[in-house]
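Let me begin by presenting the structure, written as structure tokens, before commenting on it.
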Amino acid sequence: MNTENLLIKKTDFEKISHLVSQNNSDLAALLDEELQRASIVEDGELPVDVASMNSTISFVDLDAKKEQTVTLVYPHEASLEENKVSILAPIGAALIGLRVGQSIKWPLPNGKNRNLQVTAVNS
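Last residue of the sequence shown? That's 123 in UniProt numbering, and every number before it is there in order.
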């Protein structure tokens, strides 16, 4: 789990909270915990270096030393071919609200953890 401050846009918070309330998975519970400790900001006040919905996020897996770039989307927009990752996927849930330079240790369904660090965000 993340120990650094998260920032989330108000509309993203509302939509993601609704999705989480409709889903009773372990991942949804973890995402809900992240949402509850996040600082909510008005949509126009989110800094440009914060991962939010529909932003393209580059990150490095600190254990595998592998960099990836994904676009964070809602579940109905997810597409592996287009590197569009759902907010309800482990990677999506881990990245929301992180700033460039921040990292997170996030549990995966297989019981392992991934240590991810955000390297770039494009809105």
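Using N, Cα and C, we set each Cβ at its ideal position, and we do this for glycine too. Since this is a predicted model, take the numbers as computed values, not measurements.
Measure the C-alpha to C-alpha separation of residue i and residue j and round it to an integer number of angstroms.
i: glycine 92; j: valine 85; result: 6 Å
i: alanine 76; j: leucine 46; result: Per the sequence shown, the amino acid found at residue 76 is histidine instead of alanine. Approximately 24 Å between the Cα atoms of the pair.
i: alanine 29; j: isoleucine 104; result: 17 Å
i: alanine 89; j: valine 20; result: 12 Å
i: asparagine 23; j: glutamate 81; result: 25 Å
i: aspartate 49; j: asparagine 110; result: 30 Å
i: threonine 119; j: isoleucine 16; result: 23 Å
i: glutamate 14; j: serine 123; result: 19 Å
i: proline 107; j: leucine 27; result: 9 Å
i: valine 73; j: leucine 62; result: 23 Å
i: valine 112; j: asparagine 54; result: The question names valine, yet the displayed sequence has lysine at residue 112. Looking at the two C-alpha atoms, the distance is approximately 27 Å.
i: valine 41; j: alanine 51; result: 13 Å
i: histidine 18; j: glutamine 36; result: 13 Å
i: arginine 114; j: aspartate 43; result: 29 Å
Select from the options the residue whose C-alpha is nearest the C-alpha of residue i.
i: lysine 9; options: Ser39, Ala89 and Lys65; result: Ser39
i: valine 121; options: Glu34, Arg114, Leu95 and Asn113; result: Leu95
i: leucine 6; options: Ser79, Glu67, Leu31 and Leu62; result: Leu31
i: glutamate 67; options: Met53, Val73, Asn54 and Asn83; result: Asn83
With a threshold of 16 other CB atoms inside 10 Å of the CB of residue i, please say whether the residue is buried or exposed.
i: leucine 116; result: buried
i: serine 25; result: exposed
i: alanine 64; result: exposed
i: glutamate 34; result: buried
i: aspartate 12; result: buried
i: serine 79; result: exposed
| said: For the pair the region 56 to 67 and the region 94 to 114, tell me if three or more CB-CB distances fall below 8 Å. | reply: yes
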